[in-house]
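Participant: In the UniProt record's numbering, the protein residues as written are 1 to 701. Note that CB positions come from ideal geometry on N, CA and C, so glycine has one too. What you are looking at is a predicted structure, and each value in this text was computed from that prediction instead of being measured.
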Amino acid sequence: MTNPSVHYRACNLCEAICGLEITYTGAEVLAINGDKNDPFSRGHICPKALALKDIYEDTNRLKLPLKRTEKGWETISWPEAFDDIAAKLKAIQERDGHNAVAMYAGNPSVHNSGTFLSGTGLMRALKTQNIYSATSVDQLPHHFAAWQMFGHPFLLPIPDIDRTGFWLIMGGNPIASNGSLMTVPDVANRLKAIQQRGGKVVVIDPRFTETAAKADAHHFIRPGTDVFLLLAMLQVVFDEGLDKTPAFVTGLDELRALVAEFLPEKVEVQTGIAADAIRNLTRAFANAPSAVVYGRVGLSMQAFGGACQWLLNALNVVTGNIDRAGTAMFTHPAVDILANTKGVYNKYNRHRSRVRGLPEFMGELPVSVLAEEILTEGDGQIKALITSCGNPILSTPNGRQLDKALERLEFMVAIDIYINETTRHADYILPPATGLEVAHYDLTFNALAVRNVTRFSEPLFPKAENGKYDWEIFQELSARLSEEIGAVPQDPHVKVDLGLRFGGYNLSLEQLRQHPHGLDLGPLRPDLPNRLLTQDKKIHLAPELLVKDMSRIRKVWKESKVNTHFDLLLTNRRHLRDNNSWLHNSHRLVKGRNRCTLMMHPDDARQRAISEMDSVKISSRVGEVTVPVEITEKVMKGTVSLPHGYGHGREGVQLSVAQTHAGVSVNDLTDDLVIDELTGNAVFVGVPVRVEVLEAIGNTV
1 MTNPSVHYRA
11 CNLCEAICGL
21 EITYTGAEVL
31 AINGDKNDPF
41 SRGHICPKAL
51 ALKDIYEDTN
61 RLKLPLKRTE
71 KGWETISWPE
81 AFDDIAAKLK
91 AIQERDGHNA
101 VAMYAGNPSV
111 HNSGTFLSGT
121 GLMRALKTQN
131 IYSATSVDQL
141 PHHFAAWQMF
151 GHPFLLPIPD
161 IDRTGFWLIM
171 GGNPIASNGS
181 LMTVPDVANR
191 LKAIQQRGGK
201 VVVIDPRFTE
211 TAAKADAHHF
221 IRPGTDVFLL
231 LAMLQVVFDE
241 GLDKTPAFVT
251 GLDELRALVA
261 EFLPEKVEVQ
271 TGIAADAIRN
281 LTRAFANAPS
291 AVVYGRVGLS
301 MQAFGGACQW
311 LLNALNVVTG
321 NIDRAGTAMF
331 THPAVDILAN
341 TKGVYNKYNR
351 HRSRVRGLPE
361 FMGELPVSVL
371 AEEILTEGDG
381 QIKALITSCG
391 NPILSTPNGR
401 QLDKALERLE
411 FMVAIDIYIN
421 ETTRHADYIL
431 PPATGLEVAH
441 YDLTFNALAV
451 RNVTRFSEPL
461 FPKAENGKYD
471 WEIFQELSAR
481 LSEEIGAVPQ
491 DPHVKVDLGL
501 RFGGYNLSLE
511 QLRQHPHGLD
521 LGPLRPDLPN
531 RLLTQDKKIH
541 LAPELLVKDM
551 SRIRKVWKES
561 KVNTHFDLLL
571 TNRRHLRDNN
581 SWLHNSHRLV
591 KGRNRCTLMM
601 HPDDARQRAI
611 SEMDSVKISS
621 RVGEVTVPVE
631 ITEKVMKGTV
641 SLPHGYGHGR
651 EGVQLSVAQT
661 HAGVSVNDLT
671 DDLVIDELTG
681 NAVFVGVPVR
691 VEVLEAIGNT
701 V
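1) How would you call residue 700, buried or exposed, if buried means at least 16 neighbouring beta carbons within 10 angstroms?
2) Name the DSSP beta bridge partners of residue 73, please?
3) Any idea what DSSP makes of residue 214, helix, strand or coil?
4) Near residue 237, which residues of its chain fall below 8 Å by C-beta distance, leaving aside the five closest residues on each side in sequence?
5) Alpha carbons only, please: which of 457, 670, 123 and 181 is nearest the one belonging to residue 519?
6) Beta-carbon within less than 6 Å of residue 587's beta-carbon, same chain only, minus the 5 sequence neighbours each way: which residues are those?
7) Answer with buried or exposed for residue 93, where buried requires no fewer than 16 other C-beta atoms within 10 angstroms of its C-beta.
8) Compare the Cα-Cα distances from residue 574 to each of 366, 461 and 178 and report the closest residue.
9) With residue 102 as the anchor, note down where its beta strand (DSSP E) starts and where it stops.
10) Buried or exposed: where does residue 44 fall if 16 or more other Cβ atoms within 10 Å of its Cβ makes it buried?
11) Can you tell me whether DSSP reads residue 428 as helix, strand or coil?
12) To the nearest angstrom, report how far apart residue 56 and residue 39 are at their CA atoms.
13) Tell whether a beta-carbon distance below 7 Å holds between residue 48 and residue 29.
14) Are there any heavy atoms of the ligand FMN lying less than 6 Å away from the beta-carbon of residue 63, as far as the coordinates show?
15) By DSSP, does residue 79 sit in helix, in strand, or in coil?
16) Can you list the alpha helix (DSSP H) stretches of 4 or more residues lying completely in the segment 470-537, in chain order?
17) State the Cα-Cα distance for the pair residue 663 and residue 102, rounded to the nearest angstrom.
18) Throw me the rounded Cβ distance for the residue 310 and residue 524 pair, which I believe falls under 8 Å.
19) From residue 612 to residue 659, what distance separates their C-alpha atoms?
20) Report the residue from 64, 42, 25 and 37 whose alpha carbon sits nearest the alpha carbon of residue 463.
21) Which residue spans inside the segment 551-634 form an unbroken beta strand (DSSP E) run of at least 3?
22) Leaving out the 5 sequence neighbours to the left and right, which residues in its chain are closer than 6 Å to residue 219 when beta-carbon positions are compared?
23) Distance, Cα to Cα, residue 146 vs residue 539?
24) Is it buried or exposed, residue 565, if we count other Cβ atoms within 10 angstroms and call 16 or more buried?
25) Is residue 495 close to chain C, meaning its C-beta is less than 7 Å from at least one C-beta of that chain?
26) Determine the DSSP secondary structure at residue 131, reduced to helix, strand or coil.
27) Using the three-state DSSP reduction, which class does residue 228 fall into: helix, strand or coil?
28) On the three-state DSSP scale, how would you describe residue 222?
29) Quick one: measure Cβ to Cβ for residue 385 and residue 152, integer angstroms, because I've assumed they're closer than 8 Å.
30) What is the DSSP secondary structure of residue 383, reduced to helix, strand or coil?
31) So, residue 666 versus residue 642, is the Cβ gap smaller than 7 Å?
32) Alpha carbon to alpha carbon, how far is residue 420 from residue 114? Give it in angstroms, no decimals.
33) Excluding the five sequence neighbours on either side, which residues of its own chain have a C-beta within less than 7 Å of the C-beta of residue 212, listed in chain order?
34) Short of 7 Å in beta carbon distance, which residues of its chain neighbour residue 693, apart from the five on each side in sequence? Order them along the chain.
35) Out of curiosity, what's the CA-to-CA distance linking residue 686 and residue 570?
36) For the alpha helix (DSSP H) containing residue 285, list its first residue and its last residue.
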């Protein structure tokens, strides 16, 4: 019998990039444990890490190209698939123009360095303006605010939670998400460490989350009103002389004037938070020796997402909680994608969407317009679509409309390992090697980490016989579209080696191979104003585009509209064992009680004669779903919560485990016509809905 061997790598299933110790023999994984010698994750892993074994062994996982035929899906060769796809795409673009072909990149694009480094090459080869991604689902406001304030969309301030004395979390649940736009493994122990050194953790959220349960305090807030809380906190800072603004800023007086009218007493009704609580929170934050406010999807996925991220950054800056230990700081990754940035960033509003006229940002259009661009006839209509490791039917607004739109496409290609809710519409599916079969370097998440770290992960197993790496697929398609006859795909990790060599730590890929547990490059360090990419090397506290959005904010603030038809506000949620929609085919992650339930406050349930586990119908402007209800005081009155990533019951899906835990899709309720007008980001927080009982099952409340 062969003795077991051990392989070390980083888990690339979420942003925490925890180090793994994988025990295996031959082609069988025996165990997956945390790598105790990883200086960043320190032996921590979450349940999702075990899904790497499940994905590798999944009998539903595709390994060779599929073509849709009248008889169903048929396996074909790679050359045939590449040639057919390129010929069809060329024909459509020659007939209808380059913009007749669109591309959508899903969230896992940044979790696989092969895709990250080669996917943009295919976008360039297509020469289309119709580029979409998951960025406009949940994080565009972060990038927009960073661009306007710090000079570049990827210059994102990161909470230095390992040294902070006060961590204020707004609309984030890092205990469940493992952090997001904040790479931080073992967040539970890091949170506990704040408290053990005398610090405080406070959570603002419409739901009493898993993170709130471990915090020192939690405040319910009405969904979609965080902008008013932030304005009021800034008003208190200035009014009470709590500001400690650094010298390298512009727009301080303008910001002070903008927030002056937003007294805490004037936002109580909108937010549901008492004025005294707002004042006390602000004083505690401003007077802490070090503090940092962090806001994630709950802030970004609302109608004022861009303004929220702007004001959040401003709160950190004016209280002096920027660029010093324990505050909001900027990373210095081993491969710095911003190292060669020159000039003023100008990738905004260079073109607009055809139907609604929404501006491009970072080379992309808002994904909320994708369905209408397919369904609306006329010049420039999308006739073909390529999706890469994404499932937009379950992850973007008004999923049923997009479902219908994909049926109307003339041609569709999916680069994916599953036949899921989206890829079932494709004419060809090209499955890449994945997970334990690929090399990986975290270009994105090292740049978002709460500590400067670096690590390269070697493949554990070879790719399947006749299989292709993601970068081979992208480069093969790009070569055919660009008519680069005979071009041989090149491993893009050569670029990683160059980035390491020209980075600030004098490293190389070979050196990282000699350190399989990764390297600790030290804590975040001050580097302002040098790190700023604004032309004047100053933080812009009152950027023109964001200041203009104040008129929209004031209009909503002064209006008190009550929707009597859709009288509840819907928010979504995630569980530690969930990862959007694409880990639900792992039995170990979906087993147990049904997690796809509607959380509802007891008072709201009583008013509607709804009891625990009754079957209820949730309706919105765009659709309706039926789901069992869970009555709990962990949601704010007037608010209901449904998890995202479910809805696997659609015909044609081939995910045997996920289909037995199908649930319903929250995005059959979200509205594609409601976006953050400033940034174009989708709105998933505070969706107006109506809930009514269909089948009484439970006990009366």
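Facilitator: Judging by the given coordinates:
1) Residue placement at residue 700 is poorly supported in this model, since its pLDDT is 46, which falls under 50; the coordinates still yield a value, given next. Result: exposed.
2) 68
3) helix
4) 243, 282, 286, 315, 318 and 319
5) 457
6) 657
7) buried
8) 178
9) 101-105
10) buried
11) strand
12) 27 Å
13) no
14) Only the bare structure without any ligand can be found here, which leaves the ligand FMN out of the picture.
15) helix
16) 470-481, 493-501 and 509-513
17) 30 Å
18) Contact flag wrong, Cβ pair sits at about 22 Å.
19) 24 Å
20) 64
21) 568-573, 598-600, 615-619 and 624-631
22) 204 and 273
23) 10 Å
24) exposed
25) Annotation note: the requested chain C is absent from the structure, which comprises a single protein chain.
26) strand
27) helix
28) coil
29) Actually they are not in contact, since the Cβ atoms of residue 385 and residue 152 sit about 30 Å apart, beyond 8 Å.
30) coil
31) yes
32) 22 Å
33) 203, 205 and 218
34) 608, 609, 610, 614 and 616
35) 5 Å
36) 275-287
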